[in-house]
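A.B. asks: My questions will all concern the structure given below.
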Amino acid sequence: MIAVIGAFGGLLAAGAAWANDKVVLGTNWLAQGGHGGFYQAVADGTYEKFGLDVEIQPGGPQVNNRPMLAAGRLDFLIAGNLLLSFDNVRNGIPTKVVAAIYQKDPQALMAHKGKYEDFAALAQAPAVLMGKDGQFSFWQWMVASKGFRDEQLRPYGYNLAQFLGDETMVQQAYGTAEPLYAKAEGAEVDTFLLADQGWSTYGATIETRQDLIDENPDLVQRFVDASIEGWYNYLYGDRSAAYDAIIAANPEMTVEKLDAEMAQFEALDIIDSGDAEKKGIGALDEARIEAFHDLAVEAGIIEAGSVDLSMVADSAFVNRGTGLEIREKLRGE
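If you want it as structure tokens, here you go:
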């Protein structure tokens with residue numbers, strides 16, 4: 003039997019079918035526009051082109067995908083921000099960030115439109131609604147460096163009723179979610195992205211296990227490259243197939259909701275911005291990771307010396323300009 007070399011270096015018998023590598027990707031929430039590039043890469047065949055058979059396993063209110071990565075049930079995980087990665091390192095969990103889809107964390111503060119002149123003025127608001135995760139992360143930074151006071155803090159139960167009933171109220175918001183929910187209730191708002199005020203973590207990081215990096219770096223590279231291409235096609239091309247896949251996975255979504263969410267991503271300049279403009283979506287800067295670590299230490303969010311920064315991320319799979327030609331073509335540049 004004659005053997006031939008497959009598209010990605012694999013040895014195939016003549017006439018044999020190419021068996022794509024099975025990969026399971028976990029997300030951090032229910033299917034939504036903010037996961038669109040991954041659904042795009044499934045729907046338009048990009049993962050298949052890279053020799054991958056990718057299953058997307060959504061997270062959600064009753065699903066915690068995070069421990070599934072370390073347990074080997076997932077191969078890749080869409081995480082939230084770098085604090086979660088720092089926490090893994092502190093706890094000896096052998097995972098690493100290999101790409102960052104969001105150059106800006108979408109965490110924000112939201113206020114009734116025109117009520118406060120700028121972000122600094124929010125520090126004088128009588129009350130700020132904040133969830134528990136926020137209280138133990140960016141709220142500490144806001145108190146330490148932005149003039150906010152613990153006396154302002156009120157618990158946020160992920161219901162807009164308090165905010166809608168009080169025009170002086172300020173609340174935590176995910177920049178592509180709560181502002182849209184408020185608008186649907188007839189409230190115009192101002193959205194103040196924390197990233198624009200110095201909260202410099204990445205968002206929607208892609209994590210994988212260290213053993214997969216060590217044993218199969220080619221698979222990691224193919225998954226990262228295919229995901230990046232999926233994101234460019236999603237942002238600048240025809241999203242309809244990705245929308246169909248997202249709605250199938252989460253029937254609460256609609257085309258109108260997804261369009262509004264993606265318009266918000268664009269308005270807030272979250273994905274194709276910063277280093278991604280020249281290095282490609284997914285870009286990572288180790289100096290930036292170190293600077294965010296120092297910010298977290300100074301704000302009292304983590305203890306000095308508790309995180310080995312060499313174990314947080316591996317930038318070898320990104321910063322190559324992957325997909326920039328797709329953006330140029332789809333934009334007509």
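First residue of the sequence shown: 3, per my numbering; consecutive thereafter. The beta carbon of each residue, even a glycine, is placed where N, CA and C say it ideally should be.
1. Work out the CA separation of Val56 and Gly232 for me, nearest whole Å.
2. State yes or no: is the C-beta of Gly28 within less than 8 Å of the C-beta of Leu86?
3. Pairs of beta-carbons, one from the region 248 to 258 and one from the region 212 to 229, closer than 8 Å: are there three or more?
4. Take Tyr118 and list the residues in its own chain whose beta-carbon comes closer than 6 Å to its own, dropping the five residues that flank it on each side.
5. Helix or strand or just coil, what does DSSP make of Arg329?
6. Does DSSP put Lys148 in a helix, in a strand, or in coil?
7. Would you mind sorting Asp216 into buried or exposed? The rule is 16 or more other CB atoms within 10 Å of its CB.
8. Measure the C-alpha to C-alpha separation of Glu335 and Thr178 and round it to an integer number of angstroms.
9. Quick check for students: name the residue ranges of the beta strand (DSSP E) that lie wholly in the region 99 to 132, counting only runs of 3 or more.
10. Figure out for me which residue from Asp274, Gln64, Ala45 has the closest Cα to the Cα of Ile58.
11. According to DSSP, is Asn93 part of a helix, a strand, or is it coil?
12. Residues in the same chain with beta-carbon distance under 8 Å from Ala265, minus the five sequence neighbours each way, listed in chain order, please.
13. CB-CB under 8 Å to Gly74, same chain, minus the five flanking residues each way: which ones, in chain order?
14. Would you check if there are 3 or more beta carbon pairs closer than 8 Å linking the region 78 to 97 to the region 161 to 170?
15. With C-beta atoms as the reference, is Ser229 less than 8 Å away from Gly39?
16. Report all residues from its chain with a CB closer than 8 Å to the CB of Arg156; omit the five preceding and five following residues, and keep chain order.
17. On the DSSP letters alone, give me the boundaries of the alpha helix (DSSP H) that Val299 sits inside.
18. Rounded to the nearest angstrom, what separates Leu344 and Asn235 at their Cα positions?
19. In this structure, how does DSSP classify Tyr176 when only helix, strand and coil are distinguished?
20. Within the region 156 to 224, note down every full alpha helix (DSSP H) run reaching 4 residues or more, in order along the chain.
21. To the nearest angstrom, how far is the alpha carbon of Tyr2 from that of Pro108?
C.D. replies: By the coordinates alone:
1. Residue numbering aside, residue 232 sits at position 230 when the sequence shown is read from its first letter. Residue numbering aside, residue 56 sits at position 54 when the sequence shown is read from its first letter. Roughly 12 Å between the two C-alpha positions.
2. As a first step, residue 28 is located in the sequence shown; it is residue number 26 there, counting from the start. As a first step, residue 86 is located in the sequence shown; it is residue number 84 there, counting from the start. Cβ distance not < 8 Å, so Gly28 and Leu86 don't count as in contact.
3. no
4. By one-based count along the sequence shown, residue 118 stands at place 116. So the qualifying residues of the chain are Leu124.
5. For the purposes of this step, residue 329 is taken as residue 327 along the sequence shown, with counting starting at 1. Three-state result, Arg329: helix.
6. The residue given as residue 148 occupies position 146 in the sequence shown. Lys148: coil per DSSP, three-state reduction.
7. Residue mapping note: residue 216 aligns to position 214 of the sequence shown, counting from 1. With fewer than 16 Cβ atoms within 10 Å of its Cβ, Asp216 is classed as exposed.
8. Residue 335 sits at position 333 when you count from the first residue of the sequence shown. Residue 178 sits at position 176 when you count from the first residue of the sequence shown. Approximately 28 Å between the Cα atoms of the pair.
9. 109 to 114, 130 to 132
10. Position 56 of the sequence shown, counting from 1, holds the residue named residue 58. Selected option, being the one with the closest Cα: Ala45.
11. Position 91 of the sequence shown, counted from the first residue, corresponds to residue 93. DSSP places Asn93 in coil when its eight states are reduced to three.
12. Along the sequence shown, read from residue 1 onward, the residue named residue 265 stands at position 263. Here the set comprises nothing.
13. The count along the sequence shown starts at 1 and reaches residue 74 at position 72. Arg211, listed in sequence order.
14. Taking a contact to require three or more Cβ pairs closer than 8 Å, the region 78 to 97 and the region 161 to 170 do not qualify as touching.
15. Taking the first residue of the sequence shown as position 1, residue 229 is located at position 227. Taking the first residue of the sequence shown as position 1, residue 39 is located at position 37. Yes, they are a contact pair.
16. Locating residue 156 in the sequence shown gives position 154, counting from the first residue. Counting only Cβ-Cβ distances below 8 Å, and skipping sequence neighbours, we find Ala129, Val130, Leu131, Met132, Gln164.
17. Indexing the sequence shown from 1 puts residue 299 at position 297. Taken as a continuous stretch (DSSP letters only), the alpha helix (DSSP H) holding Val299 covers 288 to 300.
18. Residue 344 lies beyond the residue range present for the chain, which begins at 3 and ends at 335; the question has no answer from this structure.
19. Locating residue 176 in the sequence shown gives position 174, counting from the first residue. It is a strand residue.
20. Runs of the alpha helix (DSSP H) inside the region 156 to 224: 163 to 166, 180 to 186, 212 to 217.
21. Nothing can be reported for residue 2, as the shown portion of the chain is limited to 3 through 335.
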